[in-house]
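Residue numbers (the working numbering): 1072 to 1210. Cβ atoms here follow ideal geometry from the backbone N, Cα and C, with glycine treated the same way. Everything below concerns the one structure shown next.
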């Protein structure tokens, strides 16, 4: 393979709403598995989630994980999505991350989220939205 070429693409979606009112990490339900053909390959993960943050002062953190370990958290308002003085905030969060897994084993990428501040509820895939995750292996 020529360096910089896309070798394979995996796309997955998930549309069931998931809510959390605690600070414990919660699986979003969005996950994809890719099996790199070379240990030098890089994986470009591109993710989109619709979020709802309800209640004054609530914030949400989203984490991208590889094989159960955090590898990226998009930084917005200091690393979380702050609801501020609004009763409810609805937004679409998109991010990408270029990873170097260093393996040829099947590798699971997924997102988790939690309420990082406040005492209300945070929801992902809310309002009948569909989350997406695209994984590109790049030589």
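Enclosing beta strand (DSSP E) for residue i [first to last residue]
i, result
"residue 1096", "Where residue 1096 is concerned, there is no enclosing beta strand (DSSP E), given that its DSSP letter is neither H nor E."
"residue 1079", "1077-1085"
"residue 1193", "1192-1195"
"residue 1188", "1178-1188"
Beta-bridge partners of residue i, as assigned by DSSP
i, result
"residue 1170", "1114"
"residue 1164", "1120"
"residue 1106", "Answer by DSSP bridge pairing: none, since residue 1106 is not bridged."
"residue 1101", "The partner list for residue 1101 (beta bridge, DSSP) is empty, contrary to what the question assumes."
"residue 1132", "1185"
Nonlocal neighbours in the same chain, by C-beta distance under 8 Å from residue i, ignoring five residues either side
i, result
"residue 1074", "1210"
Under the three-state DSSP convention, the category residue i falls into
i, result
"residue 1138", "coil"
"residue 1200", "coil"
"residue 1148", "For residue 1148, the predicted model reports a pLDDT of 48, less than 50, meaning its position is unreliable; a value from the coordinates is still stated below. If DSSP states are grouped into helix, strand and coil, residue 1148 belongs with coil."
"residue 1127", "coil"
Cβ shell of residue i (< 6 Å), same chain only, five flanking positions each side left out
i, result
"residue 1117", "1167 and 1205"
"residue 1103", "1081, 1083, 1180, 1204 and 1206"
"residue 1079", "1208"
Rounded distance between the beta-carbons of residue j and residue i, thought under 8 Å
i, j, result
"residue 1105", "residue 1178", "6 Å"
"residue 1090", "residue 1194", "4 Å"
Neighbourhood of residue i by C-beta distance below 7 Å, restricted to the same chain and skipping five residues each side
i, result
"residue 1112", "1078, 1208, 1209 and 1210"
"residue 1138", "1178 and 1179"
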